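Here the structure comes first, spelled out in structure tokens, and everything after it is commentary.
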Amino acid sequence: MPPAVVLVTGVSRWLGGALAAELAADPTIERVIGVDTVPPGPEVLRRLGRTEFVRADIRNPLIAKVIDSAAVDTVVHMNISATPGGAGGRVPMKELNVIGSMQLLAACQRATSVRRFVLKSTSAVYGASPRDPAVFTESMQARRMPSGGLGKDSLDIEGYVRSFARRRPDVDVAVLRFAHFIGPRIDSLLTSFFRLPVVPTELGRDARLQLLHEDDALAVLARATTGNFTGTVNVGAPGTVLMSQAIRRLGRIAAPVPGPAVGSLSRLTRRTGLVDWSPEQMHLLHSGRVLDTRVLREEFGYSPRYTTSAALADYGRTLAPVVAAELIGSVTGGAQSVVARFAGGMAAGRSLLHRRDPAPVVPGLRAVRDL
Amino acid sequence: MPEARVIPLRPEDDESPGPPSSADWDEQLAGALEFLRGRLTGDYDTDEFGFDADLTDHVLLPALRPLFSRWFRVETQGLDNVPDTGGALVVANHSGTIPVDALMATVALHDEHPASRRLRLLGADLVFQLPVLGSMARKMGTTLACNEDAERLLGAGELVGVFPEGFKGVGKPFSERYTLQRFGRGGFVTAALRTGSPIVPCAIVGAEEIYPMIGNAKTVARLLGLPYFPITPTFPLLGLLGAVPLPSKWFIAFGEPIETASYGPAAADDPMVVFNLTDQVRETIQHSLYRLLLERRSVFS
Numbered sequence: 000m001p002p003a004v005v006l007v008t009g010v011s012r013w014l015g016g017a018l019a020a021e022l023a024a025d026p027t028i029e030r031v032i033g034v035d036t037v038p039p040g041p042e043v044l045r046r047l048g049r050t051e052f053v054r055a056d057i058r059n060p061l062i063a064k065v066i067d068s069a070a071v072d073t074v075v076h077m078n079i080s081a082t083p084g085g086a087g088g089r090v091p092m093k094e095l096n097v098i099g100s101m102q103l104l105a106a107c108q109r110a111t112s113v114r115r116f117v118l119k120s121t122s123a124v125y126g127a128s129p130r131d132p133a134v135f136t137e138s139m140q141a142r143r144m145p146s147g148g149l150g151k152d153s154l155d156i157e158g159y160v161r162s163f164a165r166r167r168p169d170v171d172v173a174v175l176r177f178a179h180f181i182g183p184r185i186d187s188l189l190t191s192f193f194r195l196p197v198v199p200t201e202l203g204r205d206a207r208l209q210l211l212h213e214d215d216a217l218a219v220l221a222r223a224t225t226g227n228f229t230g231t232v233n234v235g236a237p238g239t240v241l242m243s244q245a246i247r248r249l250g251r252i253a254a255p256v257p258g259p260a261v262g263s264l265s266r267l268t269r270r271t272g273l274v275d276w277s278p279e280q281m282h283l284l285h286s287g288r289v290l291d292t293r294v295l296r297e298e299f300g301y302s303p304r305y306t307t308s309a310a311l312a313d314y315g316r317t318l319a320p321v322v323a324a325e326l327i328g329s330v331t332g333g334a335q336s337v338v339a340r341f342a343g344g345m346a347a348g349r350s351l352l353h354r355r356d357p358a359p360v361v362p363g364l365r366a367v368r369d370l
Numbered sequence: 000m001p002e003a004r005v006i007p008l009r010p011e012d013d014e015s016p017g018p019p020s021s022a023d024w025d026e027q028l029a030g031a032l033e034f035l036r037g038r039l040t041g042d043y044d045t046d047e048f049g050f051d052a053d054l055t056d057h058v059l060l061p062a063l064r065p066l067f068s069r070w071f072r073v074e075t076q077g078l079d080n081v082p083d084t085g086g087a088l089v090v091a092n093h094s095g096t097i098p099v100d101a102l103m104a105t106v107a108l109h110d111e112h113p114a115s116r117r118l119r120l121l122g123a124d125l126v127f128q129l130p131v132l133g134s135m136a137r138k139m140g141t142t143l144a145c146n147e148d149a150e151r152l153l154g155a156g157e158l159v160g161v162f163p164e165g166f167k168g169v170g171k172p173f174s175e176r177y178t179l180q181r182f183g184r185g186g187f188v189t190a191a192l193r194t195g196s197p198i199v200p201c202a203i204v205g206a207e208e209i210y211p212m213i214g215n216a217k218t219v220a221r222l223l224g225l226p227y228f229p230i231t232p233t234f235p236l237l238g239l240l241g242a243v244p245l246p247s248k249w250f251i252a253f254g255e256p257i258e259t260a261s262y263g264p265a266a267a268d269d270p271m272v273v274f275n276l277t278d279q280v281r282e283t284i285q286h287s288l289y290r291l292l293l294e295r296r297s298v299f300s
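Chains as they are written, first to last, in numbering that gives the first Met the number 0: chain S, 0 to 370; chain E, 0 to 300.
Quick look at the structure:
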């Protein structure tokens with residue numbers, strides 16, 4: 000049964016706005032209500048269509064009234080801030096993420112109309128350490144629990160969502176653990192990172208990256224909202240790239256930083272407003288993480304249209320490379336033609352000399368003696 | 000196996016008079032430039048474990064080859080015991096202070112096996128905690144020695160290499176050479192049982208003598224966070240020169256595969272089956288070690 004009234008939190012951000020717009024374009028859905036603490040920008044607002052926007056803080060009990068009065072049956076919780084900068088610091092970020100989610104879940108628990116709850120979670124719940132297996136399945140846990148930031152918040156939120164599911168067994172709960180978003184329009188951690196002309200990396204480390212194209216992220220969210228999948232699913236594109244490889248493909252310049260200096264560098268870039276990093280996300284440079292997506296393909300029933308490489312290339316179209324691939328191609332190509340010409344000259348010279356010389360003895364050719 | 004080539008019997012009949020080396024070097028240089036272009040633009044593939052086949056084939060394996068054929072003169076035996084396709088678990092003894100034996104087994108299976116199999120090694124977590132070494136190991140196809148990764152690789156039909164002795168094997172004193180240490184908790188057997196992959200026992204002779212470890216500076220090791228700090232007759236006495244391995248003669252012998260599929264995946268939870276199989280593998284390797292040692296004339300020839 001398709002949902003009648005959908006409530007989307009975090010609608011002022013690109014992905015939330017895009018999801019609300021997609022749902023609003025579906026005539027079978029009666030109402031789409033978008034909630035956020037800040038009003039959406041003009042670009043998002045234009046696309047939102049018939050979405051009703053409610054400016055409310057999910058930390059505020061007002062949200063319960065919205066759910067009750069509109070008889071919301073499906074809640075998509077996307078208002079989880081990944082970086083402290085967007086929320087105004089680590090303390091407000093934690094408050095918005097954890098307390099906000101608790102308030103929202105409390106409101107949902109009281110509202111009898113709610114039948115479905117979709118959580119936009121993150122693969123950060125798996126942490127990232129060299130002691131971890133290369134590929135995470137949904138049943139695995141972080142060997143070293145994320146000690147702070149998004150990973151810890153998301154673990155907490157997933158815990159609250161699980162206990163909500165226990166208290167309201169009639170509600171279908173879907174938890175989507177997303178890999179890193181990338182794409183020409185989305186504003187994510189990696190998109191701002193790769194926009195730097197000189198990209199800091201950790202010296203002697205090369206993280207494996209699994210990405211997800213924004214279009215696939217949107218399609219998965221829409222499907223989770225209107226479909227009937229329950230449980231936890233990893234969402235990531237097939238294939239991986241190494242951090243160094245991604246930097247080269249995008250034509251950036253890597254700046255290796257010794258491990259101990261990474262923390263202070265991340266503080267510096269955050270303070271200067273270059274990249275909104277949290278220290279725990281810098282750990283990503285360390286070992287990276289890859290998700291197993293069997294459940295996504297087989298049980299959830301979605302195969303991403305973009306592979307990690309294709310998603311990266313699609314994002315790369317919007318980025319002016321610092322070092323153009325054509326430049327490298329022309330330099331190596333030029334060197335190749337020089338080599339070919341030089342070799343041709345050498346061969347010609349040799350053949351001139353060769354005419355006078357007796358035929359060279361072919362090495363390794365020897366008569367075989369019968370024994 | 001060398002490639003078949005046409006050898007002109009009478010060189011004066013040959014149409015191309017230029018010596019073959021001239022064409023070779025410029026082609027090689029052009030190939031190297033093409034490789035460089037691919038590297039600089041990121042135009043190559045890596046897998047989810049971080050394995051970089053392009054780098055392994057063009058840089059890492061060529062760098063190891065002289066060590067394999069000239070320095071250690073590795074002889075392989077029983078390569079037909081390693082299946083051409085599908086998952087299998089190669090279990091070998093570990094020795095040599097520095098795990099050079101793992102690298103040589105990788106070269107042996109890639110260069111001398113008819114199907115050019117890639118050995119995907121399982122490494123200790125210490126390897127992946129170290130910078131440079133950790134990322135290099137991943138690029139060469141190594142991953143963390145844990146059941147999740149081993150089963151995933153075996154399930155994907157890869158040839159997985161494991162050294163169950165771990166640091167107890169590599170860091171044992173020279174006086175204990177060629178005696179197998181305890182085989183961990185048998186995690187490798189459960190991985191093979193769960194995926195139904197055959198276990199190929201592998202004995203490596205020669206690696207024990209490359210850095211004869213006559214002492215262990217435990218305090219230094221503890222300070223550096225290492226499991227042991229080797230003292231050999233030449234290291235650290237001669238400094239970097241002491242890090243040159245002794246040119247011992249090597250043998251790598253692959254034994255008959257031990258099939259595990261008939262036990263069924265449920266047997267992985269039966270400790271008795273796991274212990275028995277672990278012992279069987281361990282004894283097979285120990286016996287082939289003794290056999291190879293008897294066949295070997297001296298350490299260096």
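Ideal placement from N, C-alpha and C gives every residue a C-beta, glycine not left out.
Note that the structure is a prediction, hence the values are computed from the model and not measured.
Out of the options, state which residue places its alpha-carbon closest to the alpha-carbon of residue i.
i, options, result
"residue 223(E)", "245(E), 149(E) and 125(E)", "125(E)"
"residue 286(S)", "282(E), 101(E), 131(E) and 227(E)", "131(E)"
"residue 157(S)", "207(S), 111(S) and 104(S)", "104(S)"
"residue 297(S)", "99(S), 271(S), 233(S) and 334(S)", "233(S)"
"residue 135(S)", "293(S), 344(S) and 342(S)", "293(S)"
"residue 130(S)", "129(E), 136(E), 143(E) and 134(E)", "143(E)"
"residue 292(E)", "71(E), 46(E), 31(E) and 203(E)", "203(E)"
"residue 145(S)", "281(S), 38(S) and 5(S)", "281(S)"
"residue 34(E)", "332(S), 348(S), 342(S) and 341(S)", "332(S)"
"residue 6(S)", "94(S), 106(S), 91(S) and 43(S)", "106(S)"
"residue 148(S)", "79(S), 167(S) and 161(S)", "79(S)"
"residue 31(E)", "113(E), 81(E), 134(E) and 57(E)", "57(E)"
"residue 311(E)", "226(E), 281(E), 245(E) and 225(E)", "For chain E, the structure presents residues 0 to 300; residue 311(E) sits outside this window and is missing."
Measure how close the beta-carbons of residue i and residue j come, nearest whole angstrom, since I'm counting them as under 8 Å.
i, j, result
"residue 28(S)", "residue 69(S)", "Contact flag wrong, Cβ pair sits at about 13 Å."
"residue 91(E)", "residue 146(E)", "Not really, about 19 Å apart at Cβ, beyond 8 Å."
"residue 71(S)", "residue 113(S)", "6 Å"
"residue 197(S)", "residue 254(S)", "5 Å"
"residue 37(E)", "residue 53(E)", "7 Å"
"residue 344(E)", "residue 123(E)", "Outside the modelled stretch of chain E, which goes from 0 to 300, sits residue 344(E), for which no answer is possible."
"residue 230(E)", "residue 214(E)", "4 Å"
"residue 175(S)", "residue 223(S)", "6 Å"
"residue 257(E)", "residue 200(E)", "7 Å"
"residue 108(S)", "residue 57(S)", "The Cβ separation is near 14 Å, so there is no contact."
"residue 239(S)", "residue 46(E)", "7 Å"
"residue 93(E)", "residue 100(E)", "6 Å"
"residue 12(S)", "residue 122(S)", "Between residue 122(S) and residue 12(S) the Cβ distance is about 18 Å, and since that is not below 8 Å, they are no contact."
"residue 66(S)", "residue 110(S)", "5 Å"
"residue 247(E)", "residue 208(E)", "4 Å"
"residue 136(E)", "residue 127(E)", "7 Å"
Are residue i and residue j touching if we call contact CB-CB under 8 Å?
i, j, result
"residue 40(E)", "residue 138(E)", "no"
"residue 252(E)", "residue 297(E)", "no"
"residue 33(S)", "residue 10(S)", "yes"
"residue 169(E)", "residue 264(E)", "no"
"residue 241(E)", "residue 234(E)", "yes"
"residue 42(E)", "residue 133(S)", "no"
"residue 48(S)", "residue 17(S)", "no"
"residue 96(E)", "residue 188(E)", "no"
"residue 208(S)", "residue 242(S)", "yes"
"residue 154(S)", "residue 178(S)", "no"
"residue 326(E)", "residue 338(S)", "For residue 326(E) there is no data in the structure shown, the boundaries of chain E being 0 and 300."
"residue 163(S)", "residue 228(S)", "no"
"residue 185(E)", "residue 67(E)", "no"
Does residue i get closer than 8 Å to chain C when you measure Cβ to Cβ?
i, result
"residue 140(S)", "As a matter of chain content, chain C is missing from the structure shown, whose protein chains are S and E."
The stretch 102–119 of chain S in contact with the stretch 63–83 of chain S per 3-pair CB rule at 8 Å
Short answer: they touch.
Validate contact between the stretch 289–309 of chain S and the stretch 206–222 of chain S using beta carbons, cut 8 Å, 3 pairs:
At 8 Å Cβ cutoff, the stretches touch.
Where in the stretch 124–209 of chain S do unbroken runs of the alpha helix (DSSP H), each at least 4 residues long, occur, reported from the N-terminal end onward?
Taking only runs of at least 4 residues, the alpha helix (DSSP H) segments lying wholly in the stretch 124–209 of chain S are 148–166 and 188–193.
Indicate whether the contact test is met: 3 or more Cβ pairs, each with one atom in the stretch 113–129 of chain E and one in the stretch 150–159 of chain E, closer than 8 Å.
Contact between the stretch 113–129 of chain E and the stretch 150–159 of chain E is present: 3 or more CB-CB pairs across the two stretches fall below 8 Å.
Per the contact definition of three or more C-beta pairs closer than 8 Å, is the stretch 92–112 of chain E in contact with the stretch 60–73 of chain E?
Contact between the stretch 60–73 of chain E and the stretch 92–112 of chain E is present, because at least three Cβ pairs lie under 8 Å.
Is it the case that the stretch 189–206 of chain S contacts the stretch 236–252 of chain S, given that we only count it when at least three CB pairs across the two stretches are under 8 Å?
These segments touch.
Where are the alpha helix (DSSP H) runs, 4 residues long or more, that stay fully inside the stretch 261–310 of chain S, in chain order?
Entirely contained in the stretch 261–310 of chain S, the alpha helix (DSSP H) runs reaching 4 residues are, in chain order, 261–270, 278–281 and 283–286.
Please list the segments of the alpha helix (DSSP H) lying wholly inside the stretch 22–95 of chain S, counting only runs of 4 or more residues, in order along the chain.
Every alpha helix (DSSP H) of 4 residues or more that sits fully in the stretch 22–95 of chain S is shown, in chain order, as 41–46, 61–69, 83–86 and 89–93.
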